[in-house]
Each structure stands twice: as structure tokens, then as C-alpha cells.
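Peer 1: Just so we're aligned, residue 134 is where the sequence shown starts under the numbering used here, counting upward by one.
All C-beta atoms in this analysis are idealised placements derived from N, C-alpha and C, irrespective of residue type, glycine included.
Just so you know, these numbers come straight off a predicted model, no measurement behind them.
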Amino acid sequence: MSLRYTATAKQNPGRKSWLVEFRHPLKTDNNNKPGKKTRKGLGTNDEQEAQRLTTQLNRLLSDESLWSIGLQADAAKQFDDKVVEIFYDEIAPRTQSAVQLRDKLLPLPDHSQGYARVALLGVPGAGKTTLLRQLIGTHPERERFPSTSVNRTTTFPTEITVADSEYYRAVVTFMSEHETRFEIEESLSAALVKAIDSSEQKVAETLLEKSDMRFRLKYILGDLPTEAEEIDPYDYDEEEIESAIEDPSEITPTDEEKVRSQQLLTEYVARIMVLIQEKKAEVEHQQGLLVEMSTEDCNAAMDLIEEEAVASDAFLELTSDMLDEIRTKFELMPDGKFEKTTTGWPRAWHLETAELQRKQFLKSVRFFSGIAHQSWGKLLTPLVNGMRVSGPFKPSWANTPAKLVLIDTEGLGHKAGATADLSEQTLALLHNSDVILLVDSAKNSLTNFAAGKALEGIVNTGHTQKLAVVFTHMDMVNGPNLKGRAKLNHIFGGLRNVAENQLAKNVSTEAARHLLHHLESNTFYVGKIDKADPKPAIPELTKLLDHLAAAQPPVFEPVSFPKYSSDNLVLAIQEASTDFRQQWNGRLGLAQHAEITPSPWQGIKAMSRRYAEGWDDGFYLRPASNLITSLSAAISRFLENPIEWSGQPTAEQKRETIDRIKAAVTQKIPEISSHRLRELAQPAWHAAYALRGTGSTFERRQRISGIYAKYVPIPDAKGDKLVFEFLSEIKGIVMQAIDGIEQEVNDAN
Numbered sequence: 134m135s136l137r138y139t140a141t142a143k144q145n146p147g148r149k150s151w152l153v154e155f156r157h158p159l160k161t162d163n164n165n166k167p168g169k170k171t172r173k174g175l176g177t178n179d180e181q182e183a184q185r186l187t188t189q190l191n192r193l194l195s196d197e198s199l200w201s202i203g204l205q206a207d208a209a210k211q212f213d214d215k216v217v218e219i220f221y222d223e224i225a226p227r228t229q230s231a232v233q234l235r236d237k238l239l240p241l242p243d244h245s246q247g248y249a250r251v252a253l254l255g256v257p258g259a260g261k262t263t264l265l266r267q268l269i270g271t272h273p274e275r276e277r278f279p280s281t282s283v284n285r286t287t288t289f290p291t292e293i294t295v296a297d298s299e300y301y302r303a304v305v306t307f308m309s310e311h312e313t314r315f316e317i318e319e320s321l322s323a324a325l326v327k328a329i330d331s332s333e334q335k336v337a338e339t340l341l342e343k344s345d346m347r348f349r350l351k352y353i354l355g356d357l358p359t360e361a362e363e364i365d366p367y368d369y370d371e372e373e374i375e376s377a378i379e380d381p382s383e384i385t386p387t388d389e390e391k392v393r394s395q396q397l398l399t400e401y402v403a404r405i406m407v408l409i410q411e412k413k414a415e416v417e418h419q420q421g422l423l424v425e426m427s428t429e430d431c432n433a434a435m436d437l438i439e440e441e442a443v444a445s446d447a448f449l450e451l452t453s454d455m456l457d458e459i460r461t462k463f464e465l466m467p468d469g470k471f472e473k474t475t476t477g478w479p480r481a482w483h484l485e486t487a488e489l490q491r492k493q494f495l496k497s498v499r500f501f502s503g504i505a506h507q508s509w510g511k512l513l514t515p516l517v518n519g520m521r522v523s524g525p526f527k528p529s530w531a532n533t534p535a536k537l538v539l540i541d542t543e544g545l546g547h548k549a550g551a552t553a554d555l556s557e558q559t560l561a562l563l564h565n566s567d568v569i570l571l572v573d574s575a576k577n578s579l580t581n582f583a584a585g586k587a588l589e590g591i592v593n594t595g596h597t598q599k600l601a602v603v604f605t606h607m608d609m610v611n612g613p614n615l616k617g618r619a620k621l622n623h624i625f626g627g628l629r630n631v632a633e634n635q636l637a638k639n640v641s642t643e644a645a646r647h648l649l650h651h652l653e654s655n656t657f658y659v660g661k662i663d664k665a666d667p668k669p670a671i672p673e674l675t676k677l678l679d680h681l682a683a684a685q686p687p688v689f690e691p692v693s694f695p696k697y698s699s700d701n702l703v704l705a706i707q708e709a710s711t712d713f714r715q716q717w718n719g720r721l722g723l724a725q726h727a728e729i730t731p732s733p734w735q736g737i738k739a740m741s742r743r744y745a746e747g748w749d750d751g752f753y754l755r756p757a758s759n760l761i762t763s764l765s766a767a768i769s770r771f772l773e774n775p776i777e778w779s780g781q782p783t784a785e786q787k788r789e790t791i792d793r794i795k796a797a798v799t800q801k802i803p804e805i806s807s808h809r810l811r812e813l814a815q816p817a818w819h820a821a822y823a824l825r826g827t828g829s830t831f832e833r834r835q836r837i838s839g840i841y842a843k844y845v846p847i848p849d850a851k852g853d854k855l856v857f858e859f860l861s862e863i864k865g866i867v868m869q870a871i872d873g874i875e876q877e878v879n880d881a882n
């Protein structure tokens, strides 16, 4: 057996738990060679048990016949479950196991039980979560659930069932240990790059809050104190307001815990600085000073410095130490029960309490959803990938509770610098919801680009009939001529502007007209909903609640079917491919784009790693989502223009039929996008990520462009096998949906 594949049991200094360190034969290192160094917890404090598990792992490492995910079942017959998890977990394909686990522990009710599902969409600060508070009746000061902020708050789906029950129930699912380690590594990598030419304060900020504002280590590990002269007297948003009003029984670290956290963070930053200065000195000794290099050479040198640091034992030890510290935070949870993996990493937490224990229930849930500053250091919010809550929630202003499942989503455009394309997760919600509630501030009235793109996405997926719009902050829209109906007309005018310009241009005039007609009776206007008693808004909130409770799946009557030209479909696919490729040439800096600026090399590299290692689109660069949007938009325009219809359908019947086809097609497009850009292209992504040395940042961009050229080819007169396969896939799902409608009509007649 190669010494390279020998496992060793270890303990991190100051820790009781044992871990194992080994080189994984099925994972490549930074030089694109098999044998990435890996550390995994053994889930035991007993040395003898740790050695027993390590001996078994060494047996597995010595048997190459078991080095395949397909042979995991065979390995399970020979080795302890912990050993099997340690070896196979990091190479297993990502699944929807978190959703399945929530379904197992707390199933969502559906129409058979009289419930309607409502998906809430909106840009950060629109008032989406504040509206949700009103709909479930949580007090904005005493309970503050779910958490709100003008900044980015919701980064995972929160599903709340208004249940006729005597109990409150909650289920929270978490990132895997592997994914948590990945996020720590990404945070450390960003901090290492920042440390090349920045102060310790800036390095700490980068480490504790990623630029996409999704994985915030400061919530888990605490924060370093801000220098007095750096405090901004106006920097006091809703997040801090929520901190200021918390009661004494709230989740707060003790003074001793705060001191320990700050000491740990100071140590982490110091280790980062020492490591990066060492690697910087080595590279500058070989290549010269960074300040004297060209931009391209400097980027390549910084890339090399980061890679040398990431490949070091010091980086592995720092990652492992931080992971161990995060693991201890789960032990602070006083209530509920954890579901854990064989090695002890929490997969889920669940709790059930009586109705009278509501205060304690919501306090427990805030461990996983809170954002308040004074709770930093004890919150587990960044590790959560989904929350489901059920209980006898009811607004104080409602006569009777409504049977609703309310799903709060990540804010549109939530990732800093992101495109506004809807994520794959959000698109799935559109198809599975009965109502899509788009929330925007009346101050903006859909002038935010992301809100307009969301409206376009809803129309392109055929879900206009599900849509309702809520404008918040009505109390903040003032003017001498803005009273009563004039104010409503002014606000609706923003929506009308998006429809008559953006949608009419990008979809069709008829689709825009239909949307406006639908929203004239499905738009709601509320203000002062951040108050415990939203008196001026109660009549409109009551109308909204009644609208949501009455939602039913649309009933389709097949009376006529459209006929399309396959030649026009080819042109639509060509249009989609061209749009996607031009966008990405702009992001890669390979060509100019009127609306897109080139992404920094660090972002391109981080994205290539995510796709190489099979992670989802939880990042601000999301090619799979971009391809879905380009295809959905082009095919939507194609479907808007059939060459003829059977029979003599009314305009309304035509609209219902076209939307039904759109929904069927756009449910399939994510599968094609994921298959092409993730599964088929994964080896190419790995090769792009593995590039090192001078010129590697530019070559990586070219390699990525090559991935898109291969898997999203632009159909032209020449044609080849790749183009034919791409066209066949897209045409297949479109024609299947069209033929399905024709069959329904024929069956009905």
C-alpha cells in the first residue's frame, strides 16, 4: 500500500474528540493529482475506538477494488458505518436529502388537507419577512420571528404552516460537515487573498463575512471589536434595532465567552497573516515584487500565493480548528433533539412544545434563524439550509386562522453583484406553489431590476395566474397630489411601466397585457406593517389573507391546441445560446457587454471550484441559472407566437393553453442545464480550476468559455454532432409539452 494512502488518528490541541487524517485516493489535490489531504471527525472521545476505526479505514484505503461510489454497499458489509461515511461521503453526488429529511420529520400539508402553499419573493428590504410576521401574528418586538433586516437576512427557505394544533413544531436541517468545511475553506481563501496587501482588521472582516453575505462566520464565532474612530453614527439599521430591543432572557454570550471568542478570532487572523506572508515572500523571491508586476502577472502571482497557502499543513490545521470550534456551538442548544450522522455531525434538529410554551419555542428557533448583533457567537444561522415551523399562528387582526403554508425565500438579487436570474431552487417553488406573492416597497414600485426580472421569470414559466403583488411602505409614499386612488395609481404605474416596456419587449405584448389585467384585481397596498397593531393596513391585510386562503390549483379545460414551426424553435434556441454565451464572454472579460462587467479572477476561480466539486449555485456567479433563464425566455417568446390554432379558442383560452405549455417546458429546462453544465462538464471544470502559474487566470477564463462552447453550442448553418444533440434535447421537451396539449384536446373531444 502506498504510504500516501495511510490514515492516522489525531486530536487537535485542546480538544477531546478524535479525528482521522488521510489522503483521499478519489479526490485530487491542488496539483490535480489523486490524494487530497483530508481530515474528518471520528465521532468519539475514546482513543481505543479511534484507533479501531482508523485501522478499518486503512484496510479500505489498501483495497483499490472498493474505490468507487458504486461499491459503497459492498464496503458497508465489511466496515463500520463511520468508516464508510468518512470515505464515501465526500465523493457521493449531492441530493435533496435535506428536503427529504424535513419531509420525514415534519411533512407539509397540502390541498387534500385544505392548505394553500404561498411562496414569498422580494428584494432585500422590500418588507417580505415583515409581511410574513403579520400573516402569522408574531410580535415585532417581543418575538421577532422570522428575523428581519434592511440588509440580507433570509438565506435559506423558511416554511411556516399555520396549523390548527395545540403544539408548536420545528425542524431545522443543516449543511453537511463536508459542505461546512468547504465554506470555511472558501472564507479562509478569501481572507488569505485579502491578507496579501491589507490590514488585520480587513482580513478579519473578509474572514467573518463573505462578499455574497450568505455564509457569515461572525454569527457563529462572534466578531472582533470595532475601533471607536471607525464607528459610523448613522450605521444603525433594522438589524441593530432588533438587537437593541431584545429582552434579558435572549440568546447572549457571557462576558467570558465573548473574551474567548475574540481571543480565538485574533489567533485565527494572526495565523492567516503569518501563513500568507511566508508564501508571499517565497513567491516574490522567485518572481519579483508584486508591486512591480503587470496586472495579469500580479493576479497570477496572487493566485499562486493563495494556492501555496491552501496546500499547506497550516491551512488544513486552521480549517480543522475552526470546524471543531463550530461543532461545539451545537452543544449550546438547550432544547430539542438532534439527528446526527454516524460521525456525530448534526443533520437536523427538531422540537415540539405545547401552545403555552410559545415564548421558549420561538427563542429556541432563533438559535437557527437569528441575526441580532448581541447574539453573535452563539447563532447557528449560517449552517442552516432549511427551516420548517408549524403551530397555531394567527394574526391579531384576523377573525379566523387561514390554512396556509407560507414559504419565505432568499431575497431576489441576494448575492452581491449577482445577476437577477431566479435560482433553480426558486424556480422549483414557482411550480409547486398555489400563490406567488411578489413583495416590493411602494417607494420603489418595481424599479429594482431584480424585481422586474422576477416578474419576467414568472411570466416565462407560465404562472401569471398564480401571481399576486403586495406593495409595502405605503405610509412612506407622500406628496401633495398623492392621496387615495391617485397614490394607488402612481404606485401601480411602476408595475405598468415594467409590463408595457420590459415584458412587452422581452416576452410579448399580449403576455404583458394579460399580466396587467390580472394584477388590477390581485395587487394589495399596505403600510405600517412593522407595527404590532397595523391599524391602517388591517382592511387590506384581511383581503390579502382571504385571497391566499382561497387559492386553488388552476383548472385547465382543453378546448384547442396551438401549432408551431420547428424552424422557429431552432431560431429561439439559437437566440438563447447566443444570449447566454454573450453574457458569459462579458463576465469572463473575453468580450465587451453593454450590461455586464468582467468578474474578478477570485470569483471566476471560486465558481470553477464549485462546479468542479459539484456544489450548488449558492454563489453570485451562477451559469446554470443563467442558462435556464436564457432558454426559458427565448422559448417563452417562441410559444407566444403559434402559426395557427385548432378550433376557435377565445383569447383567454389561448392564454391558459400557452401558459400550461410554458409551465411544462420550464419544469424540464433545469434538468438539461444541470446535466450539461454540471454533470457532463465536471471534468472540464476540474481542469479549469486546477490551472496554476503565470497566465493561469486568463487561461481559466478561456477554458470556461470552451466549456460553454461545447455544452451550449450556438446552432448555425454548419452544424455538427454537439449542436445536433443540444437542439434535440431542447426540441424534445418543447414538442413533448405541445404534443401533450394536443393529446388532451383530442381526448376531451
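1. Are Thr-306 and Arg-235 close, meaning C-beta to C-beta below 8 Å?
2. Which residue marks the beginning of the alpha helix (DSSP H) containing Glu-441, and which one marks its end?
3. Let me know the secondary structure DSSP gives His-606 once reduced to three states.
4. Start and end of the beta strand (DSSP E) containing Lys-926?
5. Exposed or buried, which one is Gly-865 when buried takes at least 16 other CB atoms within 10 Å?
6. Per DSSP, which one or two residues make a beta bridge with Ala-252?
7. Counting only the same chain and skipping the five closest in sequence on each side, list residues whose C-beta sits under 8 Å from that of Thr-711.
8. Output yes or no for whether 8 Å exceeds the beta carbon distance between Leu-545 and Met-308.
9. Can you name the residues that DSSP bridges to Gly-524?
10. For Ala-206, count the other beta carbons within 10 Å of its own beta carbon; 16 or more makes it buried, fewer makes it exposed. Which is it?
11. Restricting to Cα atoms, I'd like to know which of Leu-321, Lys-210, Ile-353 and Ala-632 is closest to Glu-450.
12. Output the residue ranges of the alpha helix (DSSP H) runs that lie fully inside the stretch 783-843 and measure 4 residues or longer, sorted by chain position.
13. Going straight from the alpha carbon of Ser-331 to that of Phe-220, what length do you get?
14. Got a sec, what are the start and stop residues for the alpha helix (DSSP H) Trp-482 sits in?
15. Return the CA-CA distance between Ser-732 and Tyr-301, expressed in angstroms with no decimal places.
16. From Gly-839 to Glu-276, what distance separates their C-alpha atoms?
17. Please classify Leu-813 as buried or exposed, where buried requires at least 16 other C-beta atoms within 10 Å of its C-beta.
18. Should the stretch 571-585 be regarded as contacting the stretch 259-276, the criterion being three or more beta carbon pairs within less than 8 Å?
19. Classify Met-455 as buried or exposed, calling it buried when 16 or more other Cβ atoms lie within 10 Å of its own Cβ.
20. Looking only at its chain, what residues have a beta carbon closer than 7 Å to the beta carbon of Arg-714, apart from the 5 residues adjacent to it on each side?
21. Please state the DSSP three-state secondary structure of Lys-215.
22. Would you list the residues sitting across from Ala-303 in a DSSP beta bridge?
23. Can you tell me whether DSSP reads Tyr-658 as helix, strand or coil?
24. Can you tell me which residues form a DSSP beta bridge with Asn-574?
25. Taking Cβ to Cβ, would you say Ala-745 is nearer than 8 Å to Gln-835?
26. Using the three-state DSSP reduction, which class does Leu-555 fall into: helix, strand or coil?
27. Assess contact between the stretch 201-215 and the stretch 499-506, defined as three or more Cβ pairs (one per stretch) separated by less than 8 Å. Is contact present?
28. At 4 residues or longer, what runs of the alpha helix (DSSP H) sit wholly inside the stretch 163-195?
29. Taking the continuous alpha helix (DSSP H) assigned at Arg-314, which residues delimit it?
30. Per the contact definition of three or more C-beta pairs closer than 8 Å, is the stretch 694-707 in contact with the stretch 612-629?
31. Please identify the residue among Phe-625, Asn-774, Arg-743 and Glu-458 whose C-alpha is closest to the C-alpha of Leu-350.
32. Grouping DSSP H, G and I as helix and E and B as strand, with all else coil, what is Glu-375?
33. Would you kindly check if the distance between the Cβ of Thr-605 and the Cβ of Val-572 is under 8 Å?
34. Would you call Met-609 buried or exposed, if buried means 16 or more other Cβ atoms sit within 10 Å of its Cβ?
35. Apart from the five residues on each side of it in sequence, which residues of its chain come closer than 6 Å, Cβ to Cβ, to Leu-340?
36. Just confirm the distance between the C-beta atoms of Glu-154 and Arg-172, as a whole number of angstroms; I'd bet it's less than 8 Å.
Peer 2: In terms of the structure at hand:
1. Taking 8 Å as the Cβ cut-off, Thr-306 and Arg-235 qualify as a contacting pair.
2. Glu-441 -> alpha helix (DSSP H) spans 428-443.
3. In the three-state reduction of the DSSP assignment, His-606 falls in the coil class, being assigned neither a helical nor a strand state.
4. Look at the range of the chain in this structure, 134 to 882, and you will see that residue 926 is not part of it.
5. By the 10 Å Cβ count, Gly-865 comes out exposed.
6. Paired residue(s): Ile-540 and Ile-569.
7. Excluding positions up to five away in sequence, the list reads Ile-847.
8. No, they are not a contact pair.
9. Partner(s): Val-295.
10. With fewer than 16 other Cβ atoms within 10 Å, it is exposed.
11. Closest in alpha carbon position to Glu-450, among Leu-321, Lys-210, Ile-353 and Ala-632, is Leu-321.
12. Listed in chain order, the complete alpha helix (DSSP H) runs (minimum 4 residues) inside the stretch 783-843 are 784-807 and 815-822.
13. When rounded, the distance between both Cα atoms is 38 Å.
14. No alpha helix (DSSP H) holds Trp-482; the beta strand (DSSP E) holding it covers 479-487.
15. Those two C-alpha atoms are separated by around 45 Å.
16. Counting only the Cα atoms, Glu-276 lies some 52 Å from Gly-839.
17. Counting Cβ neighbours within 10 Å, Leu-813 comes out exposed, since fewer than 16 surround it.
18. Flag = yes, the stretch 571-585 and the stretch 259-276 touch.
19. By the neighbour-count rule (16 or more Cβ atoms within 10 Å), Met-455 is buried.
20. Tyr-841, Val-845 and Ile-847, listed in sequence order.
21. In this structure, Lys-215 counts as helix in the three-state DSSP scheme.
22. According to DSSP, residue pairing for Ala-303 in a beta bridge involves Leu-484 and Val-522.
23. Strand at Tyr-658.
24. Before going on, a small fix: residue 574 reads as Ser here, not Asn. BP columns for Ser-574 point to Thr-605.
25. Remark: C-beta atoms of Ala-745 and Gln-835 do not approach each other more closely than 8 Å.
26. If DSSP states are grouped into helix, strand and coil, Leu-555 belongs with coil.
27. No: fewer than three Cβ pairs fall under 8 Å.
28. With a minimum length of 4 residues, the continuous alpha helix (DSSP H) runs that stay inside the stretch 163-195 are 180-194.
29. Segment 310-328, the alpha helix (DSSP H) holding Arg-314.
30. Touching, no.
31. Nearest of Phe-625, Asn-774, Arg-743 and Glu-458 to Leu-350, Cα basis: Glu-458.
32. Bear in mind that a pLDDT of 44 at Glu-375, under 50, signals an unreliable position, so the model cannot answer this.
33. The answer is yes: Cβ separation under 8 Å.
34. So Met-609 ends up on the exposed side.
35. Cβ within range, chain order: Ser-320 and Ala-324.
36. Right, their Cβ atoms sit about 5 Å apart.
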